Amino acid sequence: MKRKTKEKVKYGLFLIPLALIVIFFLVVPIISVVEGSFRADGDTAYSLYNYKYIFQSRFYRQGFYNSVKVSALSTIFGMIISFQLAYSISRLNEKIRGNVLLYSNMMSNFSGLPLAFAFIIILGANGAATILLQKLGIKGFDIYSQYGLILVYTYFQIPLGTLLLYPALDSLDERWKEACSLLGGGKFDYWRRIGFPILKSSVIGTGIILFTNAIGAYATAYGIMVSNYNIIPIRIGALISGDVILKPNMASALAVLLILMILIIFFINEKFVQNNRFRQEER
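Numbering (the numbering used here), first residue to last: 144 to 426.
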């Protein structure tokens, strides 16, 4: 008994550095942000002024709308492409599959300013692809627009979505498809009655992760749009490091609302997964 206690203490000591990192780089900043959100800038008294101002401001409401719109569309497009890629990868031989997954893992980390710079070089005003398209008589696409931002977001969603969906798609047994075929079912019947019901939780969970990945992205959006497009991460950045008026407490309130939005989405997903698991156990 004493030996087990000593081992627990020993292993607990190894967790101290991790606990300190979590406390000082996650817990303390969150507490500071929440506390600051209840104080108006230049005022020491606590109030709901920041939240009231945000909900009454058409500008900030538009920022939330644009953030949700860009994140949702990039998630939908990213999920469609990721699903196809992950399914194709799961049907490759083991050697090629490993190489493709390695490449996807590397590409999932290619985001932020390097990704924005790469797209500007290719699709910017004087980008290589832009000049080629103009010579072919194709004009009109602007990387510095809302649709350009959705394109860039979709690009960095695809590798992450592929990595998250691959294990679920790889678990599908080919014999299930054969059994469905023997019973007179086609491909549509297989996916409607077998494939998608099994993958439903994984697909929804992956979609939520991609949505939260997009809605909190700052560096990529700033690299493409600077401050010319109204989304919440850019507004938060402007309030804490802008050139005109700094309002860190207003930025804290925006950050808290963004966190609450993400937590609500995660809570809904968790409830959905629990209900789905309960139904499967009943069957």
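C-beta: ideal position from N, C-alpha, C; glycine also.
Note that this is a predicted model, so its numbers are computed, not measured.
Proximity winner among Asn373, Thr355 and Asp316, relative to Phe410 (alpha-carbon distances) = Against the sequence shown, residue 410 aligns to sequence position 267. The option with the nearest alpha carbon to Phe410 is Thr355.
Using the rule of at least 16 other Cβ atoms within 10 Å of the residue's Cβ for burial, across every protein chain shown, is Lys390 buried or exposed?
-> Taking the sequence shown and counting its residues from 1, the one referred to as residue 390 is at position 247. A residue is called buried once 16 or more other Cβ atoms fall within 10 Å of its Cβ, and Lys390 is buried on that count.
Is it right to say Tyr208 is buried, meaning 16 or more other beta carbons lie within 10 angstroms of its own, or is it exposed?
-> By 1-based counting over the sequence shown, the position of residue 208 is 65. The residue in question, Tyr208, is exposed, as its Cβ has fewer than 16 Cβ neighbours within 10 Å.
Determine the contact status of Leu312 and Ala398, defining contact as a CB-CB distance below 7 angstroms.
-> As a first step, residue 312 must be located in the sequence shown, where it is residue number 169. As a first step, residue 398 must be located in the sequence shown, where it is residue number 255. Taking C-beta atoms as the reference points, Leu312 and Ala398 fail to come closer than 7 angstroms.
Rounded to a whole number of angstroms, what is the C-alpha to C-alpha distance between Tyr365 and Ile377?
-> Locating residue 365 in the sequence shown gives position 222, where the first residue counts as 1. Locating residue 377 in the sequence shown gives position 234, where the first residue counts as 1. Rounded to the nearest angstrom, the two C-alpha atoms are 7 angstroms apart.
Under the three-state reduction of DSSP, which class applies to Arg182: helix, strand or coil?
-> Taking the first residue of the sequence shown as 1, we reach residue 182 at position 39. Reduced to three states, the DSSP call for Arg182 is strand.
Taking just the CA atoms, how far does Gly179 sit from Ile159?
-> Within the sequence shown, the letter at position 16 stands for residue 159. Within the sequence shown, the letter at position 36 stands for residue 179. Their Cα atoms are separated by approximately 28 angstroms.
Pull up the distance between the alpha-carbon of Leu191 and that of Asn242, whole angstroms please.
-> By one-based count along the sequence shown, residue 191 stands at place 48. By one-based count along the sequence shown, residue 242 stands at place 99. Answer to the nearest angstrom: the Cα atoms are 53 angstroms apart.
Which runs of the beta strand (DSSP E), 3 residues or longer, sit entirely within the region 260-310?
-> Here no run is fully enclosed.
Using the rule of at least 16 other Cβ atoms within 10 Å of the residue's Cβ for burial, across every protein chain shown, is Asn193 buried or exposed?
-> Your numbering for residue 193 matches position 50 in the sequence shown. Answer is buried; the Cβ neighbour count reaches 16.
Selection from Ser210, Phe415 and Pro257 that minimises the alpha carbon distance to Ser345 | Taking the sequence shown and counting its residues from 1, the one referred to as residue 345 is at position 202. Ser345 has its Cα closest to that of Phe415, out of Ser210, Phe415 and Pro257.
Determine, using beta-carbon pairs with one atom in the region 299-309 and one in the region 220-236, whether at least three such pairs fall under 8 angstroms.
-> Flag = yes, the region 299-309 and the region 220-236 touch.
Have a look at Ala394 and Lys282 and give me their C-alpha separation to the nearest angstrom.
-> Locating residue 394 in the sequence shown gives position 251, where the first residue counts as 1. Locating residue 282 in the sequence shown gives position 139, where the first residue counts as 1. Note on geometry: alpha-carbon atoms of Ala394 and Lys282 lie some 38 angstroms from one another.
Decide if the region 245-263 is in contact with the region 356-375; the criterion is three or more beta carbon pairs, one per stretch, under 8 angstroms apart.
-> Yes: the two stretches touch, three or more of their Cβ pairs being nearer than 8 angstroms.
According to DSSP, residues forming a beta bridge with Tyr189 | For the purposes of this step, residue 189 is taken as the residue at position 46 of the sequence shown. DSSP output for Tyr189 lists Arg182 as bridge partner(s).
Taking Cβ to Cβ, would you say Cys323 is nearer than 7 angstroms to Tyr333?
-> Locating residue 323 in the sequence shown gives position 180, counting from the first residue. Locating residue 333 in the sequence shown gives position 190, counting from the first residue. It is a contact, given that the beta carbons lie within the stated cut-off.
Can you say whether Leu342 is buried or exposed, counting buried as having 16 or more other CB atoms within 10 angstroms of its CB?
-> The residue given as residue 342 occupies position 199 in the sequence shown. The residue is buried, with at least 16 neighbouring Cβ atoms inside 10 Å.
Should Val213 go down as buried or exposed, given a rule of 16 or more other Cβ atoms within 10 Å for buried?
-> For the purposes of this step, residue 213 is taken as residue 70 along the sequence shown, with counting starting at 1. By the neighbour-count rule (16 or more Cβ atoms within 10 Å), Val213 is buried.
Between the CA atoms of Ile174 and Thr273 - distance to the nearest angstrom | Against the sequence shown, residue 273 aligns to sequence position 130. Against the sequence shown, residue 174 aligns to sequence position 31. Rounded to the nearest angstrom, the two C-alpha atoms are 46 angstroms apart.
Rounded to the nearest angstrom, how far is the Cβ of Tyr290 from that of Ile367, given a contact under 8 angstroms?
-> Taking the sequence shown and counting its residues from 1, one reaches residue 290 at position 147. Taking the sequence shown and counting its residues from 1, one reaches residue 367 at position 224. The beta-carbon distance between Tyr290 and Ile367, rounded to whole angstroms, is 11 angstroms. This is too long to meet the 8 angstroms contact definition.
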